[in-house]
Amino acid sequence: MTALTKETKLTLLYILIAFTFSVLMRMIWIYQFTGYEAFMHNGQFMINTNDGYYWAEGARDLISGVTQANDRSPIETAASQITAFFAHILPFSFETVILYLPVFLSSLLVIPMVLIAKNLKNLEMGLIASLLASIAWSYYNRTMVGYYDTDMLNIVIPMFLLWSIIVGIRTHESKYLLVMALSILVYDWWYQSSYSLEVSFFAMVLLYTLILDRKNTYNYKFMSMMLLSMAIPENYFGLGLLIAIFFLLKGKQVEKYIYYIFGLSVVLFLVAGGFEPIFNRLKIYIFKDSIMSAKEGLGLHFYSVMQTVREAGQIPFETFANRISGHPVTFVISILGYLYLSYRHKIMLFALPMVGLGFLASVGGLRFTIYAVPILAFGIAFLITEISSQMPTKKLKYLTIIMLTLGVLYPNYKHIDGYKVPTVFNADEVKILENLHKVANREDYVIAWWDYGYPIRYYADVKTLTDGGKHEGDSNFPVSFILTNPQEQAAKMARLDVEYTEERFESNRTLSNIENMSLDYGFSDTNDFLFSLQTDIKLPQKTRDIYFYLPFKMLNIYPTVKVFSNMDLMSGEKAKQPFFFISRNFKDLGDKIALGKSVFMNKKDSTLSIGSNKVPIKRFVKTYYLKNGELKKDVQVINPSATLSVIYMSNYNTFLVLDEETYNSLYIQLMVLEEYDKSLFEKVIASPHAKVYKLKI
Ligand code: MN
964 MTALTKETKL TLLYILIAFT FSVLMRMIWI YQFTGYEAFM HNGQFMINTN DGYYWAEGAR
1024 DLISGVTQAN DRSPIETAAS QITAFFAHIL PFSFETVILY LPVFLSSLLV IPMVLIAKNL
1084 KNLEMGLIAS LLASIAWSYY NRTMVGYYDT DMLNIVIPMF LLWSIIVGIR THESKYLLVM
1144 ALSILVYDWW YQSSYSLEVS FFAMVLLYTL ILDRKNTYNY KFMSMMLLSM AIPENYFGLG
1204 LLIAIFFLLK GKQVEKYIYY IFGLSVVLFL VAGGFEPIFN RLKIYIFKDS IMSAKEGLGL
1264 HFYSVMQTVR EAGQIPFETF ANRISGHPVT FVISILGYLY LSYRHKIMLF ALPMVGLGFL
1324 ASVGGLRFTI YAVPILAFGI AFLITEISSQ MPTKKLKYLT IIMLTLGVLY PNYKHIDGYK
1384 VPTVFNADEV KILENLHKVA NREDYVIAWW DYGYPIRYYA DVKTLTDGGK HEGDSNFPVS
1444 FILTNPQEQA AKMARLDVEY TEERFESNRT LSNIENMSLD YGFSDTNDFL FSLQTDIKLP
1504 QKTRDIYFYL PFKMLNIYPT VKVFSNMDLM SGEKAKQPFF FISRNFKDLG DKIALGKSVF
1564 MNKKDSTLSI GSNKVPIKRF VKTYYLKNGE LKKDVQVINP SATLSVIYMS NYNTFLVLDE
1624 ETYNSLYIQL MVLEEYDKSL FEKVIASPHA KVYKLKI
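So the number in the working numbering is just where the residue sits in the sequence shown, counting from 1, plus 963.
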């Protein structure tokens, strides 16, 4: 056995230290919530990202072997497959695996980081940088315990790719051709949008070759391999093919033909789709119109979800800097450090695409910041090692390193300590879905706002109309319509949209469901069709049951839900927002109750003061639960001709002020008041957290 060199031993030690540190910091959340039952299910903490339930659904189906057509379960995705694999080989529960997977996978980031530093002969920089990067604000947020999403490897894999490029170009060793090819293959498998970064890395290598190292055949081998890795399908066949190509390129004799091979690779890359994915992505981010209109059919206009997604907004500098480095000062010094590092080691310029992608966050949304994290961490770590190397004694040198590193880490630790994100669901909500699972069939539909789509499918194994990946304006419209319209229209729309959704899987109709409905019922104006739902129309054949999941939580987003159907689809014109006011912070002032800054309910004459206006109250409703869980309500009609009603949900400490339209909506009637039309709905589950009804038509 060959003894490990001192450098190798130190490399392994630093990786181990940084990895352990990264894992331990992610345990702080667990420590903080130990014993908090509301966050637990099956004896384990639940995850805290909605999208995680998507991968979990796929993994669950892979493990059980159940596949259904058109259930949107992602059994083909890498995240679900890797989860199923770990759940299979590890002796832990499924809940434990998905909770901790992000902790361990994201901490792998420290490996390529230390290896890059090793190649630059500055191992200490690698240790410092990986300590910082592994817990830096945004990287932590997106890879913390329970943040079970593709982010857990989204930076790790490109960092391995970057490492293979840096070391490959520096050493010209053949083996890095294979490491690079595998990184690209795995990255393509893992993440749909891997292309943009890969192509940018390719562009960097091309520039480097053309400007600095034009005659070097290795560079052309490397670039050919890059293009082919991107072009080749990410499966076992592709893997075999890449290994074969590697052995071909490895040989000396191939060098005569290297320019032809490179040319051929370019052609193959373009034939395989080339730049197309990038253009498509750019289109999405650049043309984020709020109203999308279709070219065919009735030319309907829908409300786009992009507008309500917080991520896609402009971010202030401080937030941006905090996300990348933990503190604006660290951030600025990190940039200077990266510039200096690139000046001293030109090879680090290969990391520019990651910095660029990170900076794209300032226009494209916060989630991009994580790409810049490891590179800028190198920047400040390099400065720390440079400063400490000026110290007169070894002791002073290490003291400097430790003090400065702790200083850089501290704001990120503070962030972690204060970042007490809740789980997506609480234990009671999950119980409701598990009970629903017992009564609902796998092919039945549960109607709920898209936020709840993935968790509902995971816990209840049913189908949904919308979810975190299917929430375009035309998908959201019917669900919004159902939740915010009177019971009769809502019930009919529910049956229609479910049957039309299923029918679409079999046919090749391209128009939106709502357009198809309008046309099938003989209307050329969708408004007329929607109006006809109040009449006695013939509904499609019932093929399955439909349930409505109405969580109390949705009360907070009711106005947002309403927006998606509160418009004229024909003209794209938005209608007036309904009156909806929610108060949890009310105060009894004796003669009146302060519901908000300028909203008061006057007890004496039973009126509302809104700003300087005094308006009468139509009804005052008080709801409360009996010991046995039954909902009771006292309804006082005060002024029948008034428009606003007040609902006091006493057990929730919540006041609602609603106009007549909102008051009559399915959500308010069924969730808040349990006032349902027994010819249309059947109450299945009623808990204070959520209510579930079954459609009878
Ligand atoms: Mn299913």
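Even glycine gets a Cβ: it sits at the ideal position worked out from N, Cα and C. Only a predicted model underlies this, so the values are computations on that prediction, with no experimental measurement involved.
Here F1543 is not near L1658, since their CB atoms are 8 Å or more apart.
For the ligand MN, no non-hydrogen atom lies closer than 7 Å to the CB of Q1540. Secondary structure of R1582 (DSSP, three-state): strand.
Judged by the Cβ position, R1405 qualifies as a neighbour of the ligand MN at the 7 Å threshold, a heavy atom of the ligand being closer than this.
Under the three-state reduction of DSSP output, V1234 falls in the helix class.
For Y1223, the closest alpha carbon among the candidates Y999, K1213, K1184 is that of K1184. Just measuring C-alpha positions, the residue of P1441, Y1373, A1344 sitting nearest W1100 is Y1373. Looking at the DSSP output, K1654 shares a beta bridge with L1513, A1649. Looking at the backbone, the Cα of T997 and that of N1005 are separated by about 14 Å. Between S1608 and Y1630, the CB-CB gap reaches or exceeds 8 Å. By the Cβ test, the region 1100-1109 is not in contact with the region 1131-1144, since fewer than three Cβ pairs between them sit closer than 8 Å. Within 7 Å of the C-beta of S1043 there is not a single heavy atom belonging to the ligand MN.
Beta-bridge partners of M1530 (DSSP): K1537. At least 8 Å separates the beta-carbon of L1518 from that of I1556. Distance from the Cα of A1284 is smallest, within the candidate group V1318, G1262, A981, F1313, for V1318.
Separation of the CB atoms of A1423 and L1396 is rounded to 5 Å, and the pair is thereby assigned contact status at 8 Å. In this structure, F1511 is the residue among N1614, F1511, Y1521, A981 with its C-alpha nearest to the C-alpha of E1645.
Going by DSSP, H1264 is part of the beta strand (DSSP E) stretching over 1264-1266.
Under the three-state reduction of DSSP, F1486 is assigned to coil, being neither helix nor strand.
Judged by the Cβ position, D1014 fails to qualify as a neighbour of the ligand MN at the 7 Å threshold, every heavy atom of the ligand being at least this far.
Distances from the CB of Q1007 to the heavy atoms of the ligand MN are all 7 Å or more.
In the assembly as shown, M988 is a buried residue. Its beta-carbon has 16 or more other beta-carbons within 10 Å. Distances from the CA of E1462 to each of Q1504, S1487, K1426 were compared; the closest alpha carbon is that of Q1504.
The nearest non-hydrogen atom of the ligand MN is less than 7 Å from the C-beta of S1036. Short note on Q1452: C-beta not closer than 7 Å to any heavy atom of the ligand MN. Relative to L1160, the option among S1137, M1188, M1193 whose CA is nearest is M1193. For K1595, the uninterrupted beta strand (DSSP E) run begins and ends at 1594-1600, by DSSP.
The three-state secondary structure of Y1382, taken from DSSP, is coil. Of the residues assessed, R1405 falls on the exposed side of the cut-off, its CB having fewer than 16 other CB atoms within 10 angstroms. For T1586 and D1568, the gap between their C-alpha atoms comes out near 21 Å. Beta-bridge annotation (DSSP): T1570 is paired with N1565, P1579.
Between the region 1368-1383 and the region 1111-1121 there are fewer than three C-beta pairs closer than 8 Å, too few to call the two in contact. Note: A1557 is bridge-paired with K1550, F1563 in the DSSP secondary-structure output.
For the ligand MN, no non-hydrogen atom lies closer than 7 Å to the CB of D1380. Per DSSP, V1292 lies in no beta strand (DSSP E); the unbroken alpha helix (DSSP H) holding it starts and ends at 1291-1307. Secondary structure remark: continuous alpha helix (DSSP H) runs of at least 4 residues inside the region 983-1063, in chain order: 991-996, 1015-1027, 1041-1052.
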